[in-house]
Structure formats: C-alpha cells, structure tokens
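Per the working numbering, the sequence shown starts with residue 55, numbered consecutively.
Note that the Cβ used here is the ideal one computed from N, Cα and C, for glycine as well.
This structure is a prediction, so every number in the text was calculated from the model and none was measured.
These notes concern the structure reproduced below.
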Amino acid sequence: MQLNKAVSERLKELLAEKNMTNYALFKRCGVPKSTIGNLVNCTYDSVVLRVIHELCQGLGISLTEFFDSPLFDEGNLEP
55 MQLNKAVSER LKELLAEKNM TNYALFKRCG VPKSTIGNLV NCTYDSVVLR
105 VIHELCQGLG ISLTEFFDSP LFDEGNLEP
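Here it is in structure tokens:
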C-alpha cells in the first residue's frame, strides 16, 4: 500500500471510530475542509506532518496513536 493511501485509510478509521464528520474535524482543528476531503479521498501525492499533527489535535489523539496501526507496518507499505 502506498503511504498516502495508508494515511487516508487511517483517517477514515479514526473519523468513524470517533463518529466525526470531515466538517466536525475541520471545526475542531482548523485544517481546511478541502484538505481533509483530499486526504480522505486520497487525491493527493503527499501530506506534511504538520497537517497530520493538526488533525490529531482535532481528533484528540497523539501522532503516536495516529501511526499505531498495522496500515503503517513496514511490510504493508510500498517502497
């Protein structure tokens, strides 16, 4: 799996887990709705860590918790 797809899948998992919409996340963290939509729909090539950090703040989790998923296991990611 490509890293951007793993980020997209993880964000969708966390939004569902927290019963949160893209709009609600935008209101909590300030990351533009269009950016959140692009991440969820995997329509970007890369994302900066600062954006993931801001999303984590809106989700009420740490970066460690965001990346603590089998999606990010080295064997699951394409080089």
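Residue state for leucine 69 is assigned as helix, using DSSP reduced to three classes. If you look at asparagine 76, you'll find it in the alpha helix (DSSP H) that goes 76 to 83.
Taken through DSSP and simplified to helix, strand or coil, proline 124 comes out as helix. DSSP places cysteine 110 inside the alpha helix (DSSP H), whose first and last residues are 103 to 113.
The DSSP-derived three-state label of glutamate 132 is coil.
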